[in-house]
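In the numbering used here, the protein residues as written are 907 to 1474.
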């Protein structure tokens, strides 16, 4: 029997761990970043990366060269990257986990281990409780307090869940593949991914078909399936190379709308829907709506008809969280949610002028191809000192001359320092057309006051990824969102929904607060490569979950209108 090849997710996990250990060892950042980018590419690849490496073709993938390809072959042959095994033998496994805690970067984690002999999370907790950490320069009582708080939260934390941005493209591709099958009728994604929640557990698909067993069989034989966990005549569960779990359920055509609504959820929405129906003498299940008195059962292929039968206007999936949507739908007062097609431009992206992977021209042309009218290049300020910024502006001017009326904006992303000042002089910011200000370091140092100080600067147009969270990796800063929204109203500063899959920051509840306060929200990709411009879809999903309309999203407006609003 042929040896089973490792899944892409497992291969990527080894490279991510190697990057973590290299950081602890103090290796150059370019090596660490190379492994992280390669791991991301592996997770995004549908076919087997291990097989590609064995065939000598993995290095054809962007971000994967000959050296990384050789390391993939080591995983296939020996189970582990040799360099990883070497470092795991010398660095305790829990030291990597130190880096997940607030205020503990790789250098600090290494110091705690090497200088204090703290090698486990249990030892770290004991050292913090005994006030030993403050013996290291730069660490104090607040650091110990934050670590103890984070460790306590970790003990009750929810299990790791994959990101929406990773799962959504996969499940939509599967939906399309099933729709192309000759026996398929209606097919849709369901579950939390259909509601565009930021993370998911499984990828759910609901379908109807003339031949349910044939569609199920086709599903289990798709090229990316590496394991069939369960299979019957009307449902199946399979695992993909990336380690994702897909659940297909083929339902009776006459009940498709009922079942799609049920399996889309949320649980809280469905419970509230059923309780309201009971008060009207109706019993709602996934198979139909029964009139308790007459016994008649209403079944439908259409969710719209189902909600209408229950006395509601159609409720978009993103709103189904029992957050007031049923009451609003009963009154016919649901908002007309923003759509991806409403956007006129992207106001936060990067290029190779800072830490992007694609050139300025490549990013601009890709944005133009998406139908945008304008595009803000906001490369990081610390990479654009003095003459380099002037040179980038010259390149932007040349592109504008070529591509008019498409407009490339002279943007910049500045860092908010620990004292609340910006790392670029006002006279330079005054010459920019669009200024993003963001927290990039010292997250535990007065985050609210720093953001408020940045908003007082008349040249700052928008605050980027406000809470600086990285889902599954870094908790949000303890910034007072309510105070920031109040300041945004007072100063005319905009707030961003950052569409990076591990950010989606603002959170939906915070973006809804901003919208209700009258603060225009900007939905940006923060793309560092052409492919990431596609993240706009999940950013818009976040905006829809926040009940936001086209009128509440700044970059649905023409640039001239935005430009006038900046004159404050």
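For glycine and all other residues, C-beta sits at the position ideal for the given N, C-alpha and C.
Could you check what DSSP says for residue i in three-state terms: helix, strand or coil?
i, result
"residue 1196", "strand"
"residue 1456", "helix"
"residue 1103", "coil"
"residue 1161", "helix"
"residue 1150", "coil"
"residue 1408", "coil"
"residue 1449", "helix"
"residue 979", "helix"
"residue 1288", "helix"
"residue 1133", "strand"
"residue 1468", "helix"
"residue 1425", "coil"
"residue 1229", "coil"
"residue 1461", "helix"
"residue 1363", "coil"
"residue 1114", "strand"
"residue 1350", "coil"
"residue 1022", "helix"
"residue 1172", "coil"
"residue 907", "Because residue 907 carries a pLDDT of 46, less than 50, the predicted location of this residue cannot be relied on, and the following value inherits that uncertainty. Of the three classes helix, strand and coil, the one that applies to residue 907 here is coil, per DSSP."
"residue 1215", "helix"
"residue 1473", "coil"
"residue 1252", "strand"
"residue 1433", "strand"
"residue 1312", "coil"
"residue 1210", "helix"
"residue 1012", "helix"
"residue 921", "helix"
Nearest CA to the CA of residue i: which residue from the options?
i, options, result
"residue 979", "1372, 954, 996, 1448", "954"
"residue 1386", "1367, 1057, 1362, 1352", "1352"
"residue 1515", "1026, 1382, 920", "Absent from the structure is residue 1515, since the part of the chain shown begins at 907 and ends at 1474."
"residue 1044", "1018, 1326, 1057, 1166", "1018"
"residue 1104", "1004, 1121, 1224, 1002", "1224"
"residue 1112", "1141, 1106, 1432, 942", "1141"
"residue 1250", "1378, 1428, 1303", "1428"
"residue 1483", "1361, 1312, 1168", "Since the first residue of the chain shown is 907 and the last is 1474, residue 1483 is not available in this structure."
"residue 1278", "1455, 1464, 1131", "1464"
"residue 1148", "1440, 913, 1402", "913"
"residue 1378", "1173, 1281, 1346, 1005", "1005"
"residue 1475", "1127, 940, 995, 1180", "Nothing about residue 1475 can be read from this structure; the chain reaches only from 907 to 1474."
"residue 1265", "1302, 1293, 1245", "1302"
"residue 1084", "1069, 1120, 1056", "1120"
"residue 1029", "1229, 1001, 930, 1042", "1001"
"residue 1462", "1314, 1436, 1321, 1252", "1252"
"residue 1447", "1430, 1436, 974", "1430"
"residue 1137", "1130, 1026, 1101, 1122", "1122"
In the DSSP assignment, find the unbroken alpha helix (DSSP H) run with residue i in it and report its ends.
i, result
"residue 1031", "1027-1035"
"residue 1376", "Residue 1376 -> no alpha helix (DSSP H), and no H or E assigned at all."
"residue 936", "935-950"
"residue 1334", "1332-1335"
"residue 1189", "Here residue 1189 belongs to no alpha helix (DSSP H); instead the beta strand (DSSP E) covers 1188-1191."
"residue 1081", "1070-1085"
"residue 999", "999-1004"
"residue 1306", "1293-1309"
"residue 993", "988-994"
"residue 961", "Here residue 961 belongs to no alpha helix (DSSP H), and DSSP marks it neither H nor E."
"residue 1275", "1266-1275"
Per DSSP, which one or two residues make a beta bridge with residue i?
i, result
"residue 1340", "1317"
"residue 1328", "1322"
"residue 1143", "1136, 1153"
"residue 1369", "1343, 1401"
"residue 1094", "1112"
"residue 1380", "1376"
"residue 914", "Note: residue 914 sits in no beta bridge, so no partner."
"residue 1203", "1196"
For the beta strand (DSSP E) containing residue i, name the first residue and the last one.
i, result
"residue 1261", "Unbroken run through residue 1261: none, as it is neither H nor E."
"residue 1385", "Looking at the DSSP string, residue 1385 is not in any beta strand (DSSP E), and its letter there is neither H nor E."
"residue 1280", "1280-1283"
"residue 1246", "From DSSP, residue 1246 is part of no beta strand (DSSP E); its letter is neither H nor E."
The segment 1297-1316 / the segment 1249-1266 touching (three or more Cβ pairs under 8 Å): In short, these stretches touch, since the Cβ pair count reaches three.
Contact the segment 1397-1414 vs the segment 1231-1245: 3+ CB pairs below 8 Å: No: fewer than three Cβ pairs fall under 8 Å.
Three or more C-beta pairs below 8 Å linking the segment 1210-1222 and the segment 1424-1439: Under the 8 Å Cβ criterion, the segment 1210-1222 does not count as touching the segment 1424-1439, having fewer than three qualifying pairs.
Stretch pair the segment 1090-1101 + the segment 1389-1406: three plus CB contacts closer than 8 Å: In the pairwise beta carbon analysis, the segment 1090-1101 is classified as not touching the segment 1389-1406: fewer than three pairs are separated by under 8 Å.
Given 8 Å, three or more beta-carbon pairs between the segment 1155-1167 and the segment 1181-1193: Yes, the segment 1155-1167 is in contact with the segment 1181-1193.
Inter-stretch contact at 8 Å, needing at least 3 Cβ pairs: the segment 1362-1372 / the segment 1326-1340: Contact between the segment 1362-1372 and the segment 1326-1340 is established, with three or more Cβ pairs separated by less than 8 Å.
Stretch-stretch touch, CB-based, cutoff 8 Å, three pairs: the segment 925-935 with the segment 959-966: Judged by Cβ distances under 8 Å, the segment 925-935 makes no contact with the segment 959-966, as fewer than three pairs qualify.
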